[in-house]
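Undergrad:
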């Protein structure tokens with residue numbers, strides 16, 4: 238696989254690399270934590286991004302807009318999320334999120350995202366670039382709603398209770414804890430539960446132990462079959 | 238400090254939170270690893286970002302430009318880097334990089350960046366937004382060149398050898414390893430060694446054990462003294 242010449246393959250060769258890394262790092266409880274980057278281009282922010290882009294080398298930073306929550310000023314924003322497995326028989330990556338969080342608003346405007354996933358024990362990094370599909374309760378596709386239902390029931394009670402708390406990222410209006418909320422474990426997903434599915438288009442794999450780096454690029458054939466090309470690049 | 242009302246302070250209150258997290262997670266060898274996001278707006282890419290932004294909901298993904306290396310298509314890009322300490326007596330964060338890497342090109346065009354730093358044992362996440370200064374050998378300021386020299390000598394031999402390898406991210410032209418290069422430990426930084434200094438403007442702190450989230454925002458007073466305001470926000 239690690240040939241320096243580009244090669245084409247129909248299955249996703251990087252998927253097995255991730256499964257191997259998950260296995261060899263499984264004793265580290267955070268091995269399923271990854272970082273997700275989005276554009277954060279709400280409409281006013283998009284213009285402020287262009288403004289920042291034009292002016293950032295010429296203006297003192299205090300003149301650029303400062304807002305109460307991160308990622309709301311047109312800059313790319315980054316957060317830790319949990320890998321919830323591959324979608325069955327595919328290379329699509331599942332993530333759960335709160336419908337009211339900033340990232341959902343960003344994804345409505347532009348569904349492009351990048352994951353950075355570092356495995357601390359095997360010294361491997363995956364950077365995965367792709368498009369994200371959001372599945373919330375308003376989705377019209379019954380198969381997708383089924384996926385969301387299944388995802389909800391795979392969550393711990395503690396995780397589920399998070400979706401009953403106040404809107405993430407807004408100023409805290411009360412000192413009271415909301416941890417007292419309770420939830421019937423048999424009921425389906427609450428309105429704020431959203432399933433994100435990232436469909437990878439490019440994967441950059443770096444192994445710091447072997448000093449090997451591979452770039453995987455998806456390509457669709459004329460009959461719409463997704464394949465992968467890979468190239469060995471300098472680390 | 239965890240007051241729900243905004244409060245102003247002259248020192249950086251989040252810095253102590255990071256120092257505490259580094260101490261309580263010091264047994265994890267990767268606790269100094271963080272993720273750095275940049276804009277990746279080279280000029281052609283900036284226009285492709287705008288194009289992607291306009292078209293990403295209407296075009297099949299295969300029509301968007303695909304390139305050999307990550308982060309070169311106008312999308313925000315994310316990579317793992319090592320925290321190299323705070324700059325002396327300040328809240329500025331030091332990172333080392335290769336002058337030939339993509340992130341340096343991105344930073345020349347726009348110096349805005351965001352760090353995401355997750356501490357696996359204490360369940361704490363820091364998202365730090367700010368502006369990055371690059372110090373390479375062409376810098377005219379002798380104090381800054383001294384900082385770069387000091388940074389170089391703080392690196393391990395293995396780290397220093399990385400800067401003698403072929404250009405990162407380019408296709409690998411040879412199967413030969415470059416690990417045989419040798420380096421006199423007494424000589425100063427090589428041309429490709431670059432010191433990055435991130436000056437934080439906003440910090441979002443999340444503690445998943447206590448379910449506490451704080452937003453810190455830098456503000457400059459009329460006499461140019463940098464201070465910090467903080468607000469408790471919903472996790």
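Chains as they are written, first to last, in the numbering used here: chain W, 238 to 472; chain X, 238 to 472. C-beta atoms are modelled at their ideal positions from N, C-alpha and C, and glycine is treated no differently.
Contact defined as beta carbons within less than 8 Å: I believe residue 361 of chain X pairs with residue 258 of chain X. What is the distance between those atoms, to the nearest angstrom?
TA: Their Cβ separation, rounded to whole angstroms, is 5 Å, which keeps residue 361 of chain X and residue 258 of chain X in contact under 8 Å.
Undergrad: Is there at least one Cβ from chain X nearer than 8 Å to residue 317 of chain W's Cβ?
TA: Closer than 8 Å to some Cβ of chain X, the Cβ of residue 317 of chain W qualifies, so yes.
Undergrad: Less than 8 Å between CB atoms is the rule here; does residue 407 of chain W satisfy it with respect to chain C?
TA: Of the protein chains in the structure, W and X, none is chain C.
Undergrad: Going by alpha carbons, who is nearest to residue 272 of chain W out of X:252, X:446 and X:316?
TA: Checking every option, the nearest Cα to that of residue 272 of chain W belongs to X:316.
Undergrad: Can you give me the start and stop residues for the alpha helix (DSSP H) that residue 390 of chain W sits inside?
TA: Residue 390 of chain W -> alpha helix (DSSP H) spans 379-390.
Undergrad: My understanding is that residue 429 of chain X touches residue 335 of chain X, with C-beta atoms under 8 Å, so please give their C-beta distance in whole angstroms.
TA: Right, their Cβ atoms sit about 5 Å apart.
Undergrad: How should residue 395 of chain X be labelled, buried or exposed, when 16 other C-beta atoms within 10 angstroms of its C-beta is the threshold for buried?
TA: Per the 10 Å Cβ criterion, exposed.
Undergrad: Do you know whose CA, among W:461, W:266, W:425 and W:377, lies nearest residue 400 of chain W's CA?
TA: Of the listed residues, the one whose Cα sits closest to residue 400 of chain W is W:425.
Undergrad: Closest to residue 397 of chain W by CA distance: which of W:252, W:350 and W:423 is it?
TA: It is W:423 whose Cα lies nearest to the Cα of residue 397 of chain W.
Undergrad: Compare the Cα-Cα distances from residue 369 of chain W to each of W:406, W:262, W:248 and W:433 and report the closest residue.
TA: Ranking the options by Cα distance to residue 369 of chain W, first place goes to W:433.
Undergrad: Which same chain residues end up closer than 6 Å to residue 376 of chain W when comparing Cβ atoms and leaving out the 5 residues on each side of it in sequence?
TA: Around residue 376 of chain W: 382.
Undergrad: Enumerated in chain order, which unbroken segments of the alpha helix (DSSP H) with a length of 4 residues or greater are wholly contained in the stretch 316-361 of chain W?
TA: If we require 4 residues or more, the alpha helix (DSSP H) runs fully inside the stretch 316-361 of chain W come out as 339-346.
Undergrad: Just checking my contact of residue 351 of chain X with residue 330 of chain X at CB under 8 Å: how many whole Å lie between their CB atoms?
TA: Actually they do not touch by this definition, with Cβ atoms about 12 Å apart.
Undergrad: Give a yes or no on whether 8 Å exceeds the smallest Cβ distance from residue 353 of chain W to chain X.
TA: By this cut-off, residue 353 of chain W is an interface position.
Undergrad: If we cut at 8 Å on Cβ distances, does residue 266 of chain W have a partner in chain X?
TA: So yes, residue 266 of chain W belongs to the interface.
Undergrad: Which whole-angstrom value is the C-beta distance of residue 452 of chain W and residue 468 of chain W, which I expect to be below 8 Å?
TA: With 8 Å as the limit, residue 452 of chain W and residue 468 of chain W qualify as a contact, their Cβ atoms being about 5 Å apart.
Undergrad: For residue 345 of chain W, collect the residues of the same chain with a Cβ closer than 6 Å to its Cβ; drop the 5 residues on either side in sequence, then sort them by chain order.
TA: Once the five neighbours on either side are set aside, residue 345 of chain W has no close Cβ partner at all.
Undergrad: Starting from the C-beta of residue 252 of chain W, find all residues in its chain whose C-beta is less than 6 Å away, skip the five residues before and the five after it, and write them out in chain order.
TA: Excluding positions up to five away in sequence, the list reads 328.
Undergrad: By the criterion of Cβ-Cβ separation under 7 Å, what are the contact partners of residue 201 of chain W in chain X?
TA: Summary: the structure shown does not reach residue 201 of chain W, with chain W confined to residues 238 through 472, and so no result is reported for it.
Undergrad: Can you tell me the Cβ-Cβ gap for residue 338 of chain W and residue 275 of chain W, rounded? I've got them flagged as a contact below 8 Å.
TA: Contact flag wrong, Cβ pair sits at about 11 Å.
Undergrad: Measuring straight from C-alpha to C-alpha, what distance separates residue 543 of chain W and residue 357 of chain X?
TA: Because chain W here runs from 238 to 472, residue 543 of chain W falls outside it and cannot be looked at.
Undergrad: Please report the straight-line C-alpha distance between residue 454 of chain X and residue 444 of chain X, rounded to a whole angstrom.
TA: Each residue's Cα considered, the two are about 18 Å apart.
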